[in-house]
Every structure is written in C-alpha cells, then in structure tokens.
Ligand SMILES: C[S@@+](CC[C@H](N)C(=O)[O-])C[C@H]1O[C@@H](n2cnc3c(N)ncnc32)[C@H](O)[C@@H]1O
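Numbering (the working numbering), first residue to last: 9 to 303.
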C-alpha cells in the first residue's frame with residue numbers, strides 16, 4: 009500500500025516527540041487483519057500511547073511499554089485509576105509534590121512543560137502560572153478520556169529488552185508486537201528528544217534517574233536485531249515501523265533483516281506531510297515504512 013496520508017487529529021493528543029497518532033487509520037488498515045477478536049496488541053515503545061489507546065477502543069487487549077516516566081504517566085492516566093506506587097518518594101523539586109499523587113497530574117504537568125518549553129526541556133526548577141494553567145487544560149482532557157473506561161491489559165515501564173524477556177518469562181504471547189524504536193536521525197546521530205523522554209524526564213517524581221544509552225549509527229542495527237529476536241519468541245506477528253528521517257536507510261535495514269532471517273511478508277509504505285506531524289522535521293514530506301514479519 010502506498011498512499012499520501014492526511015490523517016485526522018487523534019483523540020488522545022498530548023505533546024510527544026515522534027507521536028504517530030495521525031497514522032492510526034493507516035496502521036489500523038495494516039494491522040487489524042492480524043488481530044483476532046479479543047486479540048492482544050502490544051507496543052515496545054509506546055510513547056504518547058495514542059495508537060494503543062485507539063486499538064483498546066476497538067476492543068483489543070492492549071499491552072504498552074516505554075521506559076519513559078512521561079509515557080508511563082500517560083498510560084496510567086488514560087487506562088486506569090491507580091495511585092502511583094512511588095507517591096511517597098521525594099520529588100526532584102519541591103513544587104512537583106503537588107503533581108505526584110496521581111498519574112493524571114503527572115502526565116498533565118509533563119505535557120504542559122513539553123508544550124511550553126519544547127521537546128527537549130527538562131522539568132524546570134520552579135513553577136509558573138503558564139505551566140499551571142496549561143496543565144489544568146490537559147488534566148480536564150485526560151479526565152474525560154479516562155471516564156470512557158478504556159482499559160489496558162497490561163502496562164510496563166521497562167527497557168524494551170527487559171519488557172520482551174518479561175513477556176517470555178510470563179508465557180505471554182501477543183498477536184501483534186508493534187515496534188517504533190527511538191531511532192537515530194538519518195545522519196546516524198542519537199535523537200536527543202528520545203533521550204529526554206527516556207532519561208531526562210526520569211526521576212522527576214522519585215529521584216531515581218535512568219541512564220540508558222540512546223541508539224546511534226554504531227549500535228542501532230545490532231539493537232534492532234536483538235529486539236526482533238526477543239520479540240519473535242513472544243509474538244505471532246511483528247510490525248516494525250521506521251521513517252525516512254531515520255538511520256538506517258530502508259535498504260540497509262532491509263538487507264540486515266533479510267540476512268538475519270527476518271523475511272518480512274509485506275512492506276507497507278506511506279507518504280505524509282511533515283506539517284501533519286507537528287512540523288517535527290525539516291523536510292516537507294516523510295515516508296513511513298511498516299514491515300510485517302511473521303514469527
Ligand atoms: C519513536 S518514540 C515512540 C512514539 C510512539 N510510537 C508514539 O506514537 O507516540 C520512541 C520511544 O522510545 C522510548 N525509549 C527510548 N529508549 C527506550 C528503551 N530502551 N526501552 C523502552 N523505551 C525506550 C522513548 O521514551 C520514546 O517514547
């Protein structure tokens with residue numbers, strides 16, 4: 009399938025770098041044929057959680073995972089009503105105490121900071137009226153989304169390799185494993201914005217900072233192959249997503265997939281306007297690739 013895509017604004021639409029929610033209709037078309045009724049849809053790097061939310065609305069069992077504190081806060085804010093387990097921990101800054109006791113509060117203040125200060129902004133040392141007011145808007149949005157009662161089957165907050173091993177240890181097999189990694193830029197450099205979601209925003213509410221190495225030209229292929237190997241053990245189908253703005257190029261990725269026995273059945277591609285995705289890129293258009301790998 010190759011289409012020029014002009015997706016609708018998603019219902020769950022918090023600021024998040026790399027959010028693919030406007031691709032949902034495309035993903036739905038490609039993925040739902042592989043999901044039986046009550047089937048399990050999982051993501052290794054769920055980020056904004058927007059796509060998982062749409063699959064959950066369709067009635068599938070959804071498993072989300074992202075190492076990021078912000079992503080995890082969104083997942084809990086949207087999908088359940090639990091209290092943060094580390095609500096007793098010390099926050100990085102005093103003012104954050106006001107936001108630590110519920111996931112909706114946490115997600116709202118992360119979203120507000122990202123909307124106002126950009127995708128690479130750490131949480132500021134001090135609060136201000138603008139941050140508070142915007143967080144209130146996100147709180148209302150999240151509350152009304154939660155009220156719909158859409159639930160996730162499971163929510164994880166792990167490094168993706170640990171997440172995949174955990175599924176294996178618990179004998180969980182999913183119908184579809186969607187993988188949208190924290191890919192490096194096309195020139196091979198790490199994407200700082202994912203380092204922000206994965207590392208910089210960790211420890212804000214519990215003072216336990218994460219330091220994972222972001223993927224770059226030197227290690228990305230090795231990591232992709234290892235992740236696919238682990239995913240193969242716990243999935244019926246893998247959907248591997250990549251974009252023309254990323255390294256490796258499709259050709260290099262495909263050679264490595266084929267040489268390592270990941271003989272994709274289909275490669276869907278779709279062109280989209282960069283403006284559709286909040287002007288994330290310098291290019292006017294970019295191309296989404298979606299590889300369907302039978303396990
Ligand atoms: C491309 S974004 C995913 C965007 C998502 N598909 C969406 O629609 O919002 C990559 C995500 O990977 C997360 N991440 C980075 N390194 C990770 C790791 N080692 N394990 C799990 N998640 C990781 C980042 O926090 C980021 O949310």
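Built from N, CA and C at the ideal position, the CB exists for glycine as well.
Looking only at its chain, what residues have a beta carbon closer than 6 Å to the beta carbon of residue i, apart from the 5 residues adjacent to it on each side?
i: residue 264; result: 229
i: residue 18; result: 29 and 58
i: residue 50; result: 71, 182 and 185
i: residue 165; result: 80
i: residue 287; result: The predicted model places residue 287 with a pLDDT of 48, which falls under 50 and marks its position as unreliable, so this point remains unresolved.
With 16 other CB atoms within 10 Å as the buried threshold, where does residue i fall?
i: residue 26; result: buried
i: residue 101; result: exposed
i: residue 226; result: exposed
i: residue 84; result: buried
i: residue 248; result: buried
i: residue 152; result: exposed
i: residue 210; result: buried
i: residue 251; result: buried
i: residue 67; result: exposed
i: residue 46; result: exposed
Measure the alpha-carbon distance for residue i versus residue j and round it to whole angstroms.
i: residue 119; j: residue 142; result: 8 Å
i: residue 275; j: residue 299; result: 5 Å
i: residue 112; j: residue 201; result: 22 Å
i: residue 65; j: residue 73; result: 18 Å
i: residue 98; j: residue 121; result: 20 Å
i: residue 77; j: residue 133; result: 18 Å
Considering only residues of the same chain and omitting the five flanking positions on each side of residue i, which have a CB-CB separation below 8 Å?
i: residue 193; result: 199, 253, 254 and 255
With a threshold of 7 Å, establish whether the CB of residue i neighbours any heavy atom of ligand 3.
i: residue 59; result: In terms of ligand content, the structure shown lacks ligand 3 and carries ligand 1 instead.
Closer than 7 Å by C-beta to residue i: which residues in its own chain qualify, once you throw out the five before and the five after it? Chain order, please.
i: residue 180; result: 242
i: residue 277; result: 10, 295, 296 and 297
* 3-residue-minimum beta strand (DSSP E) runs that sit fully inside the segment 159-235, ordered along the chain -> Runs of the beta strand (DSSP E) inside the segment 159-235: 162-164 and 182-187.
* Start-end ranges of the beta strand (DSSP E) lying completely within the segment 53-102, minimum 3 residues -> The segment 53-102 contains these whole beta strand (DSSP E) runs: 69-73.
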